[in-house]
Amino acid sequence: CTQVWSRAMYFRLFAFQLLGLTLDRLLYLDADVVCKGDISQLLHLDLNGAVAAVVKDVDPMQEKAASRLSDPELLGQYFNSGVVYLDLKKWANAKLTEKALSILMSKDNVYKYPDQDVMNVLLKGMTIFLPRGYNTIYTIKSELKDKTH
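Numbered according to the UniProt record's numbering, the sequence shown spans residues 1 to 149.
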């Protein structure tokens with residue numbers, strides 16, 4: 001944990017590992033996600049060998065993340081971890097919880113968004129992308145641009 005992030009950020013990583021003992025797949029949604037439509041089609045999604053299905057983060061975050069993480073391969077591939085459809089067996093087989101925790105607990109941890117950044121680094125090349133509608137970020141800035149109210 002850090003001064004900004006609580007221990008709770010690790011819960012998701014532990015949950016992926018523990019739930020993988022009894023489940024094959026999991027749809028993870030952050031607590032602030034509002035589902036405005038039917039998401040049941042995700043339950044039948046073919047991951048085509050990928051570990052996870054995710055939604056790419058917004059364009060400004062793509063550039064910032066690739067630069068911040070010193071990884072140009074993340075440009076256009078960086079995802080927001082608020083919606084993740086996960087193959088728990090593949091996650092466990094790749095020992096991703098252990099790897100993530102090892103990185104997060106190291107003294108060299110300089111991640112701005114620790115769990116999300118580490119998931120992006122570890123899952124690079126192991127994801128498929130969902131349409132933006134599955135994880136749209138609506139901000140007050142968007143609200144202010146809307147002149148209809």
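Every residue gets a Cβ at the ideal spot worked out from N, C-alpha and C, and that includes glycine.
All values derive from a computational prediction rather than experimental measurement.
Report task. Go ahead and label residue 79 buried or exposed: buried means 16 or more other beta carbons lie within 10 angstroms of its beta carbon, across all protein chains shown. Result -> buried
Report task. To the nearest angstrom, report how far apart residue 92 and residue 59 are at their CA atoms. Result -> 30 Å
Query raised in the report: Under the three-state reduction of DSSP, which class applies to residue 118: helix, strand or coil?
Result: helix
Query raised in the report: So does the region 40-60 actually touch the region 106-115, counting three or more Cβ pairs closer than 8 Å?
Result: no
Query raised in the report: Taking the C-alpha atoms as reference points, what is the distance between residue 117 and residue 69?
Result: 8 Å
Query raised in the report: To which residues of the same chain is residue 135 closer than 6 Å at the C-beta, ignoring the five residues directly before and after it?
Result: 55, 80, 82, 83
**Report entry** Span separating the alpha-carbon of residue 77 from that of residue 62
**Finding:** 7 Å
Query raised in the report: Is the Cβ-Cβ distance between residue 124 and residue 73 less than 9 Å?
Result: yes
Query - Nearest residue (CA-CA) to residue 89, options 12, 8, 23 - result: 23
**Report entry** Among 7, 38, 28, nearest to residue 16 - alpha-carbon criterion
**Finding:** 28
Query raised in the report: What residue from 103, 43, 122, 65 has the CA that sits closest to residue 26's CA?
Result: 43
Query raised in the report: residue 104 to residue 21, Cα distance in whole Å?
Result: 23 Å
**Report entry** Alpha-carbon spacing of residue 39 relative to residue 32, whole angstroms
**Finding:** 16 Å
Query - Buried/exposed call for residue 114, threshold 16 Cβ in 10 Å - result: buried
Query raised in the report: Where DSSP assigns a beta bridge to residue 85, which residues make up the other side?
Result: 27, 53
**Report entry** Rounded distance between the beta-carbons of residue 120 and residue 65, thought under 8 Å
**Finding:** 7 Å
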